[in-house]
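Below is one structure, written out as structure tokens, with a few remarks after it.
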Amino acid sequence: MSTLRERNRIRARNDIITAALALFEQQGYDATTVEQIARAAGLSSATVFRHFPSKEDVLFGEEDDSARAMAECVAARRDPAVDVAALAEPVVKFAVELQDERTHRLTRLVMTTRSLEARSLRMRLRWEREIARTLAAEEGDAAPTLRHTLIASIAICCLSAAFRYWDRSDPSSNLTDLVESAFEQRVSSDRAR
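And the structure:
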């Protein structure tokens, strides 16, 4: 059971994210200031910075949790094979958790804002590293090999391609269907060779 303090912290973070996302969509990410976000959320700038160290962190504040969740999905997969096909199920499962309107809006913003590209790439690389480490640990390796890294990279490419397409599509479109399709097309292209 969460405490009142924890519920207030969660509510403040959600208020900040909601206000920031609306402002970013209205006037652009680069044109929006932390002061404007704070005002729109009914908070002080200091409170915003207490929850998010930077404006970018408002959009990527769940980076650690996201990377951990990705690794957990991979570790819990039904097919224990260490190959790309076996990663389709856990990456789709991960995408299911992201299938909501707020994530769709955030994805559209990130995919269309050049100044967010580096942080987006960092998030993608973090997912890849976590998957590669999980695969290496499963095989008893102290560190990921090139094979683990390549498998992880291809799996995240499927997720990233789905995100890019989802960004351009209707908010009601299904991210998980796009991820599944990306994995299927990757497998189909391997068979065509």
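Adding 956 to a residue's 1-based position in the sequence shown gives its number in our numbering. Ideal placement from N, C-alpha and C gives every residue a C-beta, glycine not left out. Because the structure is a prediction, the values reported are computed rather than measured.
Beta-carbon separation (whole angstroms), R1061 vs L977, contact threshold 8 Å: As a first step, residue 1061 must be located in the sequence shown, where it is residue number 105. As a first step, residue 977 must be located in the sequence shown, where it is residue number 21. R1061 to L977, Cβ: 6 Å. Contact.
Quick one: give me the first and last residue of the alpha helix (DSSP H) that P1046 is part of. Here residue 1046 corresponds to residue number 90 of the sequence shown, with the count starting at 1. Counted as a single uninterrupted DSSP element, the alpha helix (DSSP H) harbouring P1046 occupies residues V1040 to L1054.
Are at least three pairs of beta-carbons, each pair with one atom in the stretch 1042–1060 and one in the stretch 1093–1104, less than 8 Å apart? No, the stretch 1042–1060 does not touch the stretch 1093–1104.
Length of the line joining the Cα atoms of F1050 and V1014: In the sequence shown, counting from the first residue as 1, residue 1050 sits at position 94. In the sequence shown, counting from the first residue as 1, residue 1014 sits at position 58. One C-alpha to the other measures close to 21 Å.
Would you kindly check if the distance between the Cβ of E1012 and the Cβ of R1075 is under 8 Å? Taking the first residue of the sequence shown as position 1, residue 1075 is located at position 119. Taking the first residue of the sequence shown as position 1, residue 1012 is located at position 56. Closer than 8 Å, so yes.
Just confirm the distance between the C-beta atoms of A1092 and A1099, as a whole number of angstroms; I'd bet it's less than 8 Å. Position 136 of the sequence shown, counted from the start, is the residue given in the question as residue 1092. Position 143 of the sequence shown, counted from the start, is the residue given in the question as residue 1099. Indeed, because the Cβ distance is near 6 Å, the residues count as touching under 8 Å.
Where the alpha helix (DSSP H) containing L1062 begins and where it ends: The count along the sequence shown starts at 1 and reaches residue 1062 at position 106. Looking at the DSSP string, the run of the alpha helix (DSSP H) that includes L1062 is E1057 to M1067.
What does the Cβ neighbour count give for E1084, buried or exposed, with the cut at 16 atoms within 10 Å? Locating residue 1084 in the sequence shown gives position 128, where the first residue counts as 1. So E1084 counts as buried.
What's the gap between the Cα of W1122 and the Cα of R965? Counted from its first residue, the sequence shown places residue 1122 at position 166. Counted from its first residue, the sequence shown places residue 965 at position 9. Spanning the two alpha carbons is a distance of roughly 30 Å.
Please determine, among H1007, L1131, C1113 and R1120, the residue with the shortest C-alpha to C-alpha distance to D971. Within the sequence shown, residue 971 is the residue found at index 15, counting from 1. D971 has its Cα closest to that of H1007, out of H1007, L1131, C1113 and R1120.
Between the CA atoms of Q992 and T959 - distance to the nearest angstrom: By 1-based counting over the sequence shown, the position of residue 959 is 3. By 1-based counting over the sequence shown, the position of residue 992 is 36. Straight-line measurement puts the Cα of Q992 at about 29 Å from the Cα of T959.
Taking a contact to mean a Cβ-Cβ separation below 8 Å, would you say L1072 touches Y985 in this structure? As a working mapping, residue 1072 is identified with position 116 in the sequence shown. As a working mapping, residue 985 is identified with position 29 in the sequence shown. It is a contact, given that the beta carbons lie within the stated cut-off.
Mind checking which residues open and close the alpha helix (DSSP H) that includes A1150? Here the chain has residues from 957 to 1149 only, and residue 1150 is not among them.
Where the alpha helix (DSSP H) through Y1003 begins and ends: Against the sequence shown, residue 1003 aligns to sequence position 47. Residue 1003 is actually Thr in this sequence, not Tyr. Going by DSSP, T1003 is part of the alpha helix (DSSP H) stretching over S1001 to H1007.
For the alpha helix (DSSP H) containing R1078, list its first residue and its last residue. Numbered from 1 along the sequence shown, position 122 holds the residue referred to as residue 1078. Its alpha helix (DSSP H) spans residues E1073 to E1094.
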